[in-house]
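Visitor:
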Amino acid sequence: MSDNAESLVSQPIDAGETLGRFSGLLPYAAPQGWVASLLLAFLSSAGLYYVNIFPVIVDSLMAGAGLTAAQAGEITFANTIGAVIGAFTISLFVKRIPQWKLASLALLICSIGMDVLTIFLANLELLVPLRLVHGILGGALVGLGFAAIARSGIAGRAYSMVLLVQYTGGAIGMLVLPGLVAKFGTYVPFYALITFSLVTLAMLPFLADYPLPSKQEERKVPLNAKVAMGPMLITLLALFCFQFANMALFAFIFDLGKSFGLELGFISKTLFWANLIAISGAALAAYTGHRFALTMPLTIALLITLVGLAIFMFSELKPVFILANVVTGITWAFCVPYLLTMASKFDAAGQMGAFGGFASKMGLACGPLVAGYFISSGGSYTQLILIACGMLALCLLALPSAAKIDQRESAVAIDSVNAQAT
């Protein structure tokens, strides 16, 4: 996203040619090119790919391992609360990690190790601690990736690519993994996580360094770029509520569909196509970010999301279930890049971008946990949908903050034009 949805304080980097300068024997992708956006997207998705196949993991644990919704929710919560811990910790120290690529390498290797242990120990009692550690590692990895994106000068486009990668991977997972779980057992989804991490590991050497800004560069950031604490906290709250509302339903979407009388095969195919179509939301976010201010597109998308969540209450009608998944999938992929881009505007080192990742993961963690306990305690999916709608409505509180950012950027652009004219 360009001036309106780009990281305000990112330092410009010479894009150069399609493949930039060489480091040793390996070429770097041009720092502000499309290839770099894709590589950054994989790096920022690897630690959180399990979220995109949460329904498969939850259903495999419930159907294959015989766990209750609450037990499955505890395991997914452990994974995501670990990600929250990892993201929060890395947010505090990101300014002190100049060798972030080396740190990412170590985190990827350790994450793969946790997945391997999960598979080969095959002990349900150990799933919670293993997934907690995996979540911490993954959250730290995503935090490093988000901080690098915030420094890249292509934040809006890269955040959109993150959602594109996640939804593509999620669509493939929704189509392929349920059948493989039925054939090969409960732990198939964890092989998918290992595969994604290995692909990311192979991409890591080709990323540019995206160094931390020097003190001199930080002093060059205009004072009016430092957004007040209130708008920043509201943006983080909106990220939390948005992810909570969507993940509370998405994590249990198979069971939700079954509760409305839908067949497993129909649900699986619907989720595949919905995830595939949802990729257009990320692409649309990249397109509108180049042409419009933040406020209007975000307002429209949030309102459409609210309607999309509400019509899940009529999921016994197959066309409505399809429509609800497609609509919320598109707007989910659209809104998150906007909210993350807002968070990334708050400093030069990418620390607030990392905190945006923390707020996002907190929502992803709490949604399935609350939903799992709510359903296990006798709550209905219709009631859960209403709760999700209420949480989503709170996201509208971020719109005044978006408007202030738009006004500030417009003023900065006018000042820049006037300065050039004189």
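Per full-length UniProt numbering, residue 1 is the first one in the sequence shown, and the count goes up by one each step.
The C-beta atom is built at its ideal place from N, Cα and C for all residues, glycine as well.
Grab me the residues of Cys389's own chain with a C-beta within less than 8 Å of its C-beta, minus the 5 sequence neighbours each way, in chain order.
Guide: Residue 389 sits at position 389 when you count from the first residue of the sequence shown. Only Ala245, Leu306, Leu309, Ala310 meet the Cβ criterion.
Visitor: Which residue from Ala72, Asp59, Thr89 puts its Cα closest to that of Gly356?
Guide: Position 356 of the sequence shown, counted from the start, is the residue given in the question as residue 356. The option with the nearest alpha carbon to Gly356 is Thr89.
Visitor: Please confirm whether Phe54 and Phe250 have their CB atoms less than 8 Å apart.
Guide: Along the sequence shown, one-based indexing puts residue 54 at 54. Along the sequence shown, one-based indexing puts residue 250 at 250. Yes, these two residues count as a Cβ contact at 8 Å.
Visitor: Who are the Cβ neighbours of Leu39 in its own chain at under 7 Å, not counting the five residues just before and after it?
Guide: Translated into the one-based positions of the sequence shown, residue 39 becomes position 39. Closer than 7 Å at Cβ, skipping near neighbours: Ala29, Met203, Phe206, Leu207.
Visitor: If you count every other CB in all the chains shown that lies within 10 Å of the CB of Leu317, and 16 or more means buried, which is it?
Guide: The residue you call residue 317 lines up with position 317 of the sequence shown. Exposed is the call here.
Visitor: Is the CB-CB distance between Leu61 and Ala72 below 8 Å?
Guide: The residue you call residue 61 lines up with position 61 of the sequence shown. The residue you call residue 72 lines up with position 72 of the sequence shown. Contact flag set, yes.
Visitor: Within 8 Å, do at least three Cβ pairs link the segment 131 to 142 to the segment 67 to 82?
Guide: Short answer: they touch.
Visitor: Could you pull out every residue in the same chain whose Cβ sits closer than 7 Å to the Cβ of Cys335, ignoring the five residues on either side in sequence?
Guide: The residue given as residue 335 occupies position 335 in the sequence shown. Taken in chain order, the residues that qualify are Phe242, Leu298, Ala301, Leu302, Thr305.
Visitor: In this structure, does DSSP put Pro211 in helix, strand or coil?
Guide: As a first step, residue 211 is located in the sequence shown; it is residue number 211 there, counting from the start. Pro211 falls in the coil class under three-state DSSP.
Visitor: Looking only at its own chain, which residues have a Cβ that is under 7 Å from the Cβ of Ala403, when we skip the five neighbours before and after it?
Guide: Start at 1 with the first residue of the sequence shown, and residue 403 comes out as number 403. These residues qualify, in order along the chain: Thr295.
Visitor: Apart from the five residues on each side of it in sequence, which residues of its chain come closer than 6 Å, Cβ to Cβ, to Ile322?
Guide: As a position in the sequence shown, residue 322 is number 322, starting the count at 1. Thr270, listed in sequence order.
Visitor: Nearest to Phe358 by alpha carbon, out of Gly372, Leu339, Ala274?
Guide: Within the sequence shown, numbered from 1, the residue matching residue 358 stands at position 358. Taking only the C-alpha atoms, the option nearest Phe358 is Leu339.
Visitor: Closest to Glu74 by CA distance: which of Ala103, Pro129, Ile97 is it?
Guide: As a position in the sequence shown, residue 74 is number 74, starting the count at 1. Checking every option, the nearest Cα to that of Glu74 belongs to Pro129.
Visitor: Three-state secondary structure (DSSP) at Gln32?
Guide: Residue numbering aside, residue 32 sits at position 32 when the sequence shown is read from its first letter. Gln32: coil per DSSP, three-state reduction.
Visitor: Return helix, strand or coil for Leu262, following the three-state DSSP convention.
Guide: The sequence position of residue 262 within the sequence shown is 262, counting from 1. Correct three-state label for Leu262: coil.
Visitor: Identify whether Pro98 lies in helix, strand or coil by the three-state DSSP scheme.
Guide: If you number the sequence shown from 1, residue 98 lands on position 98. Coil, per DSSP.
Visitor: Need the endpoints of the alpha helix (DSSP H) that Pro189 sits in, please.
Guide: Translated into the one-based positions of the sequence shown, residue 189 becomes position 189. Segment 188 to 203, the alpha helix (DSSP H) holding Pro189.
Visitor: I need the straight-line Cα distance from Ser152 to Tyr49, nearest angstrom please.
Guide: Counting from one through the sequence shown, the residue named residue 152 turns up at place 152. Counting from one through the sequence shown, the residue named residue 49 turns up at place 49. Going by the C-alpha atoms only, they are around 22 Å apart.
Visitor: Put Ser380 into one of helix, strand or coil per three-state DSSP.
Guide: Against the sequence shown, residue 380 aligns to sequence position 380. Coil at Ser380, not helix or strand.
Visitor: Taking Cβ to Cβ, would you say Leu397 is nearer than 8 Å to Ala238?
Guide: Residue 397 sits at position 397 when you count from the first residue of the sequence shown. Residue 238 sits at position 238 when you count from the first residue of the sequence shown. Yes, the pair counts as a contact, with Cβ atoms nearer than the cut-off.
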